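Following this note's numbering, the numbering of the sequence shown begins with 230 at its first residue and continues without gaps.
Glycine included, each C-beta is placed from N, C-alpha and C at the ideal position.
Keep in mind the model is a prediction, meaning the values are calculated, not measured.
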Amino acid sequence: MSSRKRYHLTLEDESRLELIKEVRFSRSGLILSCLAAFLAAMALCFLIVAYTPVRKLLPGYLREAERDSALECVMRVDSMSRALSRERFYLDNLLTVLDTDRTPKDSTGLIANLHPMTTDSLLGPSSAEQRFRAEMEEKEKYNISVLTPLAAEGMVFSPVSEEAVITAQSSKSPVAQIQLSRGNPVCSIADGTVLDVHYDTRSRGYRILIQHPRGFVSRYSHLANPLVDVGDHLNAGQIISLQTDGRGYSPSTITLEMWRDGDSMIPAQFLQ
Numbered sequence: 230m231s232s233r234k235r236y237h238l239t240l241e242d243e244s245r246l247e248l249i250k251e252v253r254f255s256r257s258g259l260i261l262s263c264l265a266a267f268l269a270a271m272a273l274c275f276l277i278v279a280y281t282p283v284r285k286l287l288p289g290y291l292r293e294a295e296r297d298s299a300l301e302c303v304m305r306v307d308s309m310s311r312a313l314s315r316e317r318f319y320l321d322n323l324l325t326v327l328d329t330d331r332t333p334k335d336s337t338g339l340i341a342n343l344h345p346m347t348t349d350s351l352l353g354p355s356s357a358e359q360r361f362r363a364e365m366e367e368k369e370k371y372n373i374s375v376l377t378p379l380a381a382e383g384m385v386f387s388p389v390s391e392e393a394v395i396t397a398q399s400s401k402s403p404v405a406q407i408q409l410s411r412g413n414p415v416c417s418i419a420d421g422t423v424l425d426v427h428y429d430t431r432s433r434g435y436r437i438l439i440q441h442p443r444g445f446v447s448r449y450s451h452l453a454n455p456l457v458d459v460g461d462h463l464n465a466g467q468i469i470s471l472q473t474d475g476r477g478y479s480p481s482t483i484t485l486e487m488w489r490d491g492d493s494m495i496p497a498q499f500l501q
């Protein structure tokens, strides 16, 4: 069995023939010693960077307060830059307005400074896009007529009045003509909130606009004596007007219109 090789490092003073230092080591011992020295140096560098002011020279090792202060300064500079740009634009517009000697073509310079449009942005829709658009328009055309009746199925609409009669001519019209006798009350068709009450000089009567749940809106016209005001919360069947006043004026016909999310409805289909 061969013995391990060992090395000798000798330091001598030849003039005096004296041995100053002698070190004996093996190859594995030398490797371990170098590794230990390297780890010790790394640990020392870490301690110096972590616990001395040297860490301030490295990015990412700022204190929390200093980092917040730097971020706040950057935000202030950005805000000041935006404010300066707004003020500059305002002064430029003001000078343009006050310049009485300007020519009608003073905006040509502004147009010249606009960024040119790329070629891609000027291309028209492709054939696939046109087909997709046509299909979606066809689907939406049928959805508009279906969504409103479906949403109305969960609503309970009360009659305008117990003796109210919708005329045959307006049974399929979005503007329902309702016949009432003198002294009959006009009631809200559902719970809601009064949005508007005003007098219409052309029809010589009041108009009341009411917002109902699920996007429904109703408007009553040709009313004689309104009993509600803007902002009032109403219950279904609550009286909103009487068809008589102190002068004995009582319109024999009122009109009712209904919408759901901006789409017109036929009142006769939901009040019968």
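Tell me the rounded alpha-carbon separation between V423 and R305. 47 Å
Less than 9 Å separating the beta-carbons of I418 and S450? no
Hey, does S400 have any beta-carbon neighbour from chain C nearer than 9 Å? The question asks about chain C, but that chain is absent: this structure has only one protein chain.
Is S432 closer than 9 Å to I439 when the C-beta atoms are compared? no
Taking Cβ to Cβ, would you say P414 is nearer than 9 Å to S399? no
Taking Cβ positions, are V426 and V404 nearer each other than 9 Å? no
Span separating the alpha-carbon of S298 from that of S310: 18 Å
Status (buried if at least 16 other CB within 10 Å, exposed otherwise) for S470: buried
With a 10 Å radius around its C-beta and 16 neighbouring C-beta atoms as the bar for buried, classify H441 as buried or exposed. buried
For P388 and L456, believed in contact at Cβ under 8 Å, the rounded distance: Incorrect: roughly 17 Å between the Cβ atoms, too far for contact.
Tell me, please, which residues DSSP counts as bridged to I469. Bridge partners of I469: none, in fact.
What's the gap between the Cα of Q406 and the Cα of M384? 22 Å
What is the DSSP secondary structure of S450, counted as helix, strand or coil? strand
Through-space distance from K401 to S481, alpha-carbon basis: 20 Å
Closest by C-alpha distance to L452, when choosing among C416, A312, E293: C416
Looking at R411: is its Cβ nearer than 9 Å to the Cβ of Q472? yes
Do you know offhand how far I373's Cα is from R489's? Its pLDDT being 45, under 50, I373 is placed unreliably by the model, and the measurement read from it follows with that caveat. Using only the alpha carbons, I get a separation of about 10 Å.
Over what stretch of residues does the alpha helix (DSSP H) that includes M304 continue unbroken? 293-327
Y319 versus N454: straight-line alpha-carbon distance, rounded: 52 Å
What separation, rounded to the nearest whole angstrom, lies between the Cα atoms of M487 and R317? 51 Å
Provide the residue span of the alpha helix (DSSP H) that contains A266, from first to last. 256-280
When burial is assigned at 16 or more other CB atoms within 10 Å of the CB, is G258 buried or exposed? exposed
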